[in-house]
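Residue numbers in the sequence shown follow full-length UniProt numbering, run continuously in steps of one, and reach 522 at the last position.
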Amino acid sequence: DRNLSEADPEVRSIIDSEKNRQFNSLELIASENFTSRAVMEAVGSCLTNKYSEGLPGKRYYGGNEYIDELETLCQQRALAAFHLDGKKWGVNVQPLSGSPANFEVYTALLNPHDRIMGLDLPHGGHLSHGFMTPKRRVSGTSIYFESMPYRLDESTGLIDYDMLEKTATLFRPKLIIVGASAYPRDFDYPRMRKIADSVGAFLMMDMAHISGLVAASVLADPFEYCDVVTTTTHKSLRGPRGGMIFFKKDPVLGVDMESAINNAVFPGLQGGPHNHTIGGLAVCLKHAQSPEFKAYQFQVVSNCRALARRLTELGYELVSGGSDNHLVLVDLRKAGLDGARVEKILDLASITLNKNSVPGDKSALVPGGIRIGAPAMTTRGFTEKEFVETANLIHEGIQLTLKAKKSVQGSKLQDFLKAVESAEFPLKDSVAA
Ligand code: PLP
90 DRNLSEADPE VRSIIDSEKN RQFNSLELIA SENFTSRAVM EAVGSCLTNK
140 YSEGLPGKRY YGGNEYIDEL ETLCQQRALA AFHLDGKKWG VNVQPLSGSP
190 ANFEVYTALL NPHDRIMGLD LPHGGHLSHG FMTPKRRVSG TSIYFESMPY
240 RLDESTGLID YDMLEKTATL FRPKLIIVGA SAYPRDFDYP RMRKIADSVG
290 AFLMMDMAHI SGLVAASVLA DPFEYCDVVT TTTHKSLRGP RGGMIFFKKD
340 PVLGVDMESA INNAVFPGLQ GGPHNHTIGG LAVCLKHAQS PEFKAYQFQV
390 VSNCRALARR LTELGYELVS GGSDNHLVLV DLRKAGLDGA RVEKILDLAS
440 ITLNKNSVPG DKSALVPGGI RIGAPAMTTR GFTEKEFVET ANLIHEGIQL
490 TLKAKKSVQG SKLQDFLKAV ESAEFPLKDS VAA
């Protein structure tokens with residue numbers, strides 16, 4: 090059998106270029122990380138060849154002796170990594186990623202058109218929590234369920250729990266979702282539980298962004314208060330791309346959670362599990378129980394605080410004034426800028442982060458902020474000192490963006506991007522240098 094370079098040099102070369110990009114840039118996207126060699130070995134293994142519809146011991150195909158062993162080990166490690174008692178909690182490790190895991194929970198616990206409430210996307214929530222615009226139901230969640238998002242208090246940048254409580258009393262959702270993609274603070278689980286109980290709703294936590302921090306007990310424990318917890322496995326948890334759903338074993342609101350969730354995953358929404366991912370996840374979850382992993386997660390938070398402090402010293406406004414977790418959201422509007430232009434200029438300097446809406450934004454296409462995350466560069470060995478330097482580099486990039494914006498004719502984002510990309514534009518060289 091030929092190796093990749095021989096069999097397909099074109100794909101080999103693209104992978105090499107991507108590897109080069111990853112290792113020669115400052116990777117600051119809050120949802121990304123560098124997984125380990127051991128995880129990648131498992132993901133790139135023969136486990137990808139096997140069909141295993143069903144659960145360990147109850148498969149629809151033969152030859153699953155070792156796959157059963159693997160999936161059972163992965164489940165046990167998942168429960169152990171999050172300090173859960175296997176008599177009270179179960180887990181499904183088959184979800185293909187975070188969005189399918191969430192939709193599987195919705196279809197397990199709800200009927201079509203039941204009501205849900207999640208944090209609004211422009212205020213830090215995720216698409217799969219029910220995002221819709223006044224004109225369009227954008228995500229499958231808002232198409233198949235009735236969504237009424239809750240929001241932040243724009244004066245503090247914190248979740249407006251009082252308003253959520255009032256809206257929930259009127260809207261009477263059957264499911265309330267905690268969790269976010271761009272929220273720099275921890276969550277008030279006791280308050281969310283109280284609100285859910287007051288209207289008879291399930292409480293779900295989507296801990297995708299912070300699952301590594303939760304496993305290391307750096308942040309509050311959602312399992313104490315929620316009925317069901319979903320996560321991706323490739324963000325702060327530092328595993329392969331995938332998803333998991335944790336569920337209470339006792340019935341909740343009359344629903345047998347275990348069979349409802351397991352049936353929603355298969356045969357409800359998925360077919361054969363991705364066993365290579367489950368292999369990689371098992372490796373990740375073993376590591377997640379180690380002292381080094383805990384130290385890494387503490388370093389992520391400490392690095393993020395150093396970044397937040399330095400950006401504040403440099404005069405930037407941070408949404409909510411700082412960070413409890415692995416990310417900061419910088420509001421660039423007072424600096425006379427937007428996230429799209431800054432993202433573009435920093436990209437030219439191999440600093441990778443993303444534009445992000447901030448509370449009060451008028452346009453989602455040209456949002457007023459950037460989101461900066463610490464997990465990936467902490468994996469690469471960065472400490473507080475390097476994150477202060479990173480803040481200085483971002484500041485330089487923002488200053489250059491201001492300069493570039495002034496020198497480009499026209500105020501449209503498209504004009505700006507075109508000008509920056511053109512070879513004649515002198516800034517391109519100065520940024521790259
Ligand atoms: N949930 C949250 C909170 C997320 O931030 C994300 C992705 O960024 C997801 C779910 C979706 O995960 P995936 O991209 O794996 O579908």
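We put the CB at the ideal spot given by N, CA and C, even for glycine.
Check whether the Cβ of residue i lies closer than 7 angstroms to any heavy atom of ligand 1, and answer yes or no.
i           : result
His215      : yes
His298      : yes
Ala453      : no
Thr441      : no
Ser231      : no
Gly133      : no
Asn191      : yes
residue 524 : An answer regarding residue 524 cannot be provided, because it is not within the stretch 90 to 522 covered by the chain.
Ala269      : yes
Asp295      : yes
Ser325      : no
Ser412      : no
Gly343      : no
Thr321      : yes
Ser228      : no
Val188      : It is worth fixing the name first, because residue 188 is Ser in this sequence and not Val. Flag set: Cβ of Ser188 near ligand 1.
Ser120      : yes
Phe328      : Per the sequence shown, the amino acid found at residue 328 is Gly instead of Phe. Not under cutoff, so the answer is no.
Gly332      : yes
Quick one: is residue i buried, meaning 16 or more other Cβ sit within 10 Å of its Cβ, or exposed?
i          : result
Pro238     : buried
Phe112     : exposed
Ser412     : buried
Lys492     : exposed
Arg166     : buried
Lys507     : exposed
Asp504     : exposed
Lys433     : buried
Lys495     : exposed
residue 58 : Absent from the model: residue 58. The displayed extent of the chain is 90 to 522, so no value can be given.
Asn181     : buried
Glu243     : exposed
Arg399     : buried
Cys163     : buried
Gln498     : exposed
Leu93      : exposed
His202     : exposed
Ile232     : exposed
Whole angstroms is fine: what's the gap from residue i's alpha carbon to residue j's?
i      : j      : result
Lys451 : Ser228 : 20 angstroms
Ala127 : Val372 : 7 angstroms
Phe276 : Ser446 : 20 angstroms
Thr137 : Tyr150 : 15 angstroms
Ala521 : Val509 : Confidence is the limiting factor: at Ala521 the pLDDT is only 48, short of 50, which leaves the residue's position unreliable and the question unanswerable from this model.
Ser114 : Glu475 : 14 angstroms
Leu302 : Leu308 : 6 angstroms
Gly428 : Leu502 : 11 angstroms
Phe260 : Ile103 : 50 angstroms
Ser188 : Asp420 : 27 angstroms
Lys375 : Thr161 : 13 angstroms
Arg91  : Arg280 : 58 angstroms
Ser125 : Gly328 : 8 angstroms
Leu442 : Asn392 : 16 angstroms
Lys219 : Gly146 : Just to set this straight, residue 219 is Gly in the shown sequence, not Lys. When rounded, the distance between both Cα atoms is 35 angstroms.
Thr222 : Gly214 : 14 angstroms
Arg422 : Gly357 : 45 angstroms
Ser379 : Ala170 : 9 angstroms
Leu208 : Glu313 : 20 angstroms
Asn153 : Lys283 : 44 angstroms
Met294 : Gly343 : 19 angstroms
Gly332 : Leu264 : 20 angstroms
Tyr385 : Ala480 : 20 angstroms
Gln183 : Pro98  : 32 angstroms
Ala131 : Glu158 : 15 angstroms
Leu426 : Pro448 : 15 angstroms
Arg274 : Val267 : 12 angstroms
Thr401 : Phe355 : 48 angstroms
Report yes or no: is there a C-beta of chain B within less than 8 angstroms of the C-beta of residue i?
i      : result
Val344 : In the structure shown, chain B cannot be found, because there is only a single protein chain.
Nearer than 7 angstroms: is that true of the beta carbon of residue i relative to any heavy atom of ligand 3?
i      : result
Val318 : Ligands in the displayed structure: ligand 1; ligand 3 is not one of them.
Can you find at least 3 beta carbon pairs, one from the segment 461-476 and one from the segment 105-123, that sit closer than 8 angstroms? yes
On the three-pair Cβ rule with 8 angstroms, is the segment 329-347 touching the segment 167-181? yes
Inter-stretch contact at 8 angstroms, needing at least 3 Cβ pairs: the segment 316-324 / the segment 182-198: yes
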